[in-house]
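**Q** Below you will find the structure I want to go over with you.
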Amino acid sequence: MEQQSSAHSVKLYIYDLSRGMARQLSPIMLGKRFKHTSIVVYGDEFFFGGDGISSCPPGGTMLGPPNSVVDLGITEVTGEIFMDYLMSLGESAYRGECYRLFEHNCNTFSNEVAQFLTGKKIPSYITDLPSEVLSTCSGVRSIIYTLQSHIWIL
């Protein structure tokens, strides 16, 4: 029996988490803009938030179309293996109650999934942002965690 190899494109979708507000507020308050990311592969968009791992058609989140797209390369991981992998993540480290704005978020998920699929990490300007913000702004963690409970998190 001949085994077929199939390559699938892997994209990182990058969104302005605040739907425009971060462009105005976060550079003033923190000097940084917060990003939401997701992975697009096998014709779907996969992301992590307060409800756990979710999927939708590409660009179909409540945030609308992405602000930018990064081509992460290709994967030869089959869709079936990927879905098993996602199910495993969704039952362990990426349950909804595991979401933490700084330590375990959509970008953490995108980075882990990108490495599983392609062996590549997502850009460091995204993954390094939480530690940069927390190291430069005294007391910002408690302020943002308080705000997190009052705003919508994808």
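Numbering of the sequence shown is given in full-length UniProt numbering, commencing with residue 1 and proceeding in unit increments.
Glycine included, each C-beta is placed from N, C-alpha and C at the ideal position.
Within a Cβ cutoff of 6 Å, which residues of the same chain sit near Pro58, ignoring the five residues on either side of it in sequence?
**A** Translated into positions along the sequence shown, residue 58 becomes position 58. Answer for Pro58: Val40 and Glu45, listed in chain order.
**Q** Where do the N-terminal and C-terminal ends of the alpha helix (DSSP H) with Gly79 fall, by residue?
**A** Within the sequence shown, numbered from 1, the residue matching residue 79 stands at position 79. Run containing Gly79: Gly79 to Gly90, per the alpha helix (DSSP H) assignment.
**Q** Can you tell me whether Ala114 is buried or exposed? The criterion is at least 16 other CB atoms within 10 Å of its CB, across all chains shown.
**A** Position 114 of the sequence shown holds residue 114. It is buried - the Cβ of Ala114 has at least 16 other Cβ atoms within 10 Å.
**Q** Measuring alpha carbon to alpha carbon, tell me which of Asp128, Thr118, Lys120 and Asn105 ends up nearest Phe48.
**A** Position 48 of the sequence shown, counted from the start, is the residue given in the question as residue 48. The candidate whose alpha carbon is nearest that of Phe48 is Asn105.
**Q** Quick check on the burial criterion: 16 or more other C-beta atoms within 10 angstroms. Buried or exposed for Ser131?
**A** In the sequence shown, residue 131 corresponds to position 131, counting from 1. Under this definition Ser131 is an exposed residue.
**Q** Could you tell me which of Ser55, Pro65 and Gly50 sits nearest to Gly43, measuring between CA atoms?
**A** Working through the sequence shown from its first residue, we reach residue 43 at position 43. Here the closest residue by C-alpha is Ser55.
**Q** Can you tell me whether Pro65 is buried or exposed? The criterion is at least 16 other CB atoms within 10 Å of its CB, across all chains shown.
**A** Stepping through the sequence shown from its first residue, residue 65 is reached at position 65. Flag for Pro65 reads exposed.
**Q** Just checking my contact of Ser72 with Lys120 at CB under 8 Å: how many whole Å lie between their CB atoms?
**A** Locating residue 72 in the sequence shown gives position 72, where the first residue counts as 1. Locating residue 120 in the sequence shown gives position 120, where the first residue counts as 1. It should be noted that the sequence gives Leu, not Ser, for residue 72. Confirmed, Cβ separation roughly 6 Å.
**Q** Alpha carbon to alpha carbon, what distance is there between Ile81 and His8?
**A** Locating residue 8 in the sequence shown gives position 8, where the first residue counts as 1. Locating residue 81 in the sequence shown gives position 81, where the first residue counts as 1. Those two C-alpha atoms are separated by around 13 Å.
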